Each structure stands twice: as C-alpha cells, then as structure tokens.
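Asker:
Number of protein chains: 2
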Amino acid sequence: MILSMARAATTTDAFNAVAEPRRRQILDLLARGERPVNDLVELLGLAQPQVSKHLRVLREVDLVRVRDEGRQRMYRLNAGPLRSIHDWLQIYEQMWSERFDLLDEVLDELKEDDDGNDD
Amino acid sequence: MILSMARAATTTDAFNAVAEPRRRQILDLLARGERPVNDLVELLGLAQPQVSKHLRVLREVDLVRVRDEGRQRMYRLNAGPLRSIHDWLQIYEQMWSERFDLLDEVLDELKEDDDGNDD
DNA sequence: TTGACGTATGCCCGTATGGGAATATGATTC
DNA sequence: GAATCATATTCCCATACGGGCATACGTCAA
Chain A
1 MILSMARAAT TTDAFNAVAE PRRRQILDLL ARGERPVNDL VELLGLAQPQ
51 VSKHLRVLRE VDLVRVRDEG RQRMYRLNAG PLRSIHDWLQ IYEQMWSERF
101 DLLDEVLDEL KEDDDGNDD
Chain B
120 MILSMARAAT TTDAFNAVAE PRRRQILDLL ARGERPVNDL VELLGLAQPQ
170 VSKHLRVLRE VDLVRVRDEG RQRMYRLNAG PLRSIHDWLQ IYEQMWSERF
220 DLLDEVLDEL KEDDDGNDD
C-alpha cells in the first residue's frame, strides 16, 4: 500500500523513463543498431553498473529488448512506447511556430490596452 | 555546489516537467485557452496549492506564461519548449509501425536459428 | 481598515532517484 | 574443477519529489 507518493517512478511510463538524458542517449545509440552493454559503457563513458541500471528501466517500460548471445546481452531499441509521447504532442504541433508566438504576443498587448470585458 | 545528484529536477527541461501526468493535464486544458488558477483547480479536482506548484514548474520551463488580471492570474500555454521533445522523437518516428515490429521479430527468429558464428 | 477572494509559498513526510563502490550471477574457456 | 569475461544486483547517500495542510501575499469591495 502506498502512503506517500512522491514523484512517479521512472519505470511508470515512457515519459518518465525518457526524462533522464542518459537514457535518451542510450536509445539514440541503439537506434543505430543492436549493441552489447559494454559497447554502451564505452560510448557513454559511464560506469557499467549505471548503464545496466538505466537499461533495466528502459526494459521495464519496454523501450529496449534483450537477446542473449553467449556471455553478452544484446540490447535493441523498441521504439513503440515512444509513440504515446508523440501522440500526446500531436495537439501542440501546430502551436510552436514563430508566427503563432508572435500572434500570441500581439493579442496580449491588445488585451492589456483594450481591457474590461470578459467572455 | 552539488554533491549527490539524484534525479534531475522537474524544472530542468520540458522532458522532466512533462513527465508528471497532472502537468500534462494542465497543458491540455490550457491548450483550449487561457485560464485562471481556480478554473484549473476545479477541472483537475486537485487542491489549489498543488495546482499552483505544478504551474510554477511549468512556468520555470517556460511551458506556460502568466498575465495578471485583477486578483486572478491568467495562465496560458507556451508550447515552444515541447518542440525539443518532438525534435528528439523525430529519429524514432519511422520505427514504431507494426510493419517494423514484425520485421524485427522475424529477424530475431532468423538469428536464433542461424546461430554459431562469432567474429 | 477590515474582510473576502484568488493565488503563492512554507513546512512536513515518505519515497525513489542516480551515482559510487563492491559484490553476485552467468556463461565461457582452460 | 578454477579463472575470466560480461552483466546484474545490492548497499550507501544526498537530493527533491508531490501531496496535505497552514499560512502569507495581493487585490478588490465595503
């Protein structure tokens, strides 16, 4: 039973898993192809245990899959769960053009001048 | 000075800010238009202080902007910072089609059958 | 000024984080 | 069997999280 919740676990979903830059780096590397842990250790310049821990998180949200090959464990990307993030962003895609920001500013200034009526 | 880093602050970037579901809800609501805090409190069914705290985080990563209107504070969306997330996802967009997953599975099975050579 | 409203901040708490370091597990070779 | 390589797990620690609750601040009305 949960008494005090604090921040959601990193393994809750892709959003939380991917909030950590190291884990994004790992995914970026795996996007180029399957790799054993030690490759990632070298490429990231990180200690092996931390890499294994990050991989565990990524595994738990199904962003990576593993395959045993002798004494190595080959990790590969599974981009599927990233789709939930992309889907959420869908609503916002049209909003971040500079044109839109500009319009926003102008409307603001107008509102500050022409004040008084709501709704 | 930082001695022990733990998880990155929620105010570090859009990734971390948006990992919290409540904050995504807030953004979703603000996408429909500018709103005062109390509106969000009602719509979210959350206590007012927590809403204000979430809004503070969103302000610190510039995902929302504020405007004073009498005793109310009108919050509005600024979607710009979400673009960094979208940009990062760019590389993965082509990968999450079912077709791609299927290919992945097939290649795996082939690899498991055709086993035995190391280089 | 007083009071009420709208919002922000402060404190407490239990939790899980991510790095460091050491050690455990597992598979391979001798 | 023992030794070695590749990886995973465990323990320690400081940090800041998010909710609950109380309270401070800022603006308006009387």
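Note that the protein sequences, when read in sequence, are chains A and B.
Just so you know, we're using our numbering here: the first sequence kicks off at 1 and counts up by one.
Just so you know, we're using our numbering here: the second sequence kicks off at 120 and counts up by one.
Note that beta-carbon positions come from the ideal geometry of N, C-alpha and C, so glycine has one too.
On a predicted model such as this, the values are computed, not experimentally measured, just so you know.
In its own chain, which residues sit with a C-beta less than 8 Å from the C-beta of A9 of chain A, not counting the 5 before and 5 after it?
Answerer: The residues are N16.
Asker: Using only CA atoms, which one of B:R195, B:P140 and B:T130 lies nearest to S84 of chain A?
Answerer: Of B:R195, B:P140 and B:T130, the residue nearest in Cα terms is B:P140.
Asker: By Cβ distance below 8 Å, which residues in the same chain neighbour L163 of chain B in space, the five residues on each side in sequence not counted?
Answerer: Around L163 of chain B: R141, Q144, I145, L148 and V170.
Asker: In the DSSP assignment, find the unbroken alpha helix (DSSP H) run with E60 of chain A in it and report its ends.
Answerer: First-last of the alpha helix (DSSP H) with E60 of chain A: Q48 to E60.
Asker: Would you check if the distance between the CB atom of V57 of chain A and the CB atom of Q48 of chain A is smaller than 9 Å?
Answerer: Contact: no.
Asker: Give me the DSSP bridge partner(s) of Q191 of chain B.
Answerer: B:E188, per the DSSP bridge assignment.
Asker: At a Cβ threshold of 9 Å, is D147 of chain B touching chain A?
Answerer: Cβ-Cβ to chain A under 9 Å: yes for D147 of chain B.
Asker: Hey, R71 of chain A and E34 of chain A are a contact pair by Cβ (cut 8 Å); roughly how many whole angstroms apart?
Answerer: About 16 Å separates the two Cβ atoms, so there is no contact after all.
Asker: Would R178 of chain B and R186 of chain B qualify as a contact pair, given that the criterion is a beta-carbon distance under 9 Å?
Answerer: No, the pair does not count as a contact, with Cβ atoms beyond the cut-off.
Asker: Suppose the cutoff is 8 Å on Cβ atoms and the five residues either side in sequence are ignored; what does the same chain contact list for R192 of chain B look like?
Answerer: Result list for R192 of chain B: P155, V156, V185 and R186, in chain order.
Asker: Let me know the secondary structure DSSP gives V137 of chain B once reduced to three states.
Answerer: In the structure shown, V137 of chain B sits in a helix (DSSP, three-state: H, G or I).
Asker: Provide the residue span of the alpha helix (DSSP H) that contains R83 of chain A, from first to last.
Answerer: Taken as a continuous stretch (DSSP letters only), the alpha helix (DSSP H) holding R83 of chain A covers L82 to Q90.
Asker: Got a sec: is the Cβ-Cβ distance from P21 of chain A to anything in chain B below 9 Å?
Answerer: It does: the Cβ of P21 of chain A has a partner Cβ on chain B nearer than 9 Å.
Asker: Measuring only between beta-carbons, confirm whether H173 of chain B sits less than 9 Å from chain A.
Answerer: False, the Cβ-Cβ gap to chain A never drops below 9 Å.
Asker: By Cβ distance below 8 Å, which residues in the same chain neighbour V18 of chain A in space, the five residues on each side in sequence not counted?
Answerer: Closer than 8 Å at the Cβ level, and outside the excluded window around V18 of chain A, lie R24, L27, L63, L82 and I85.
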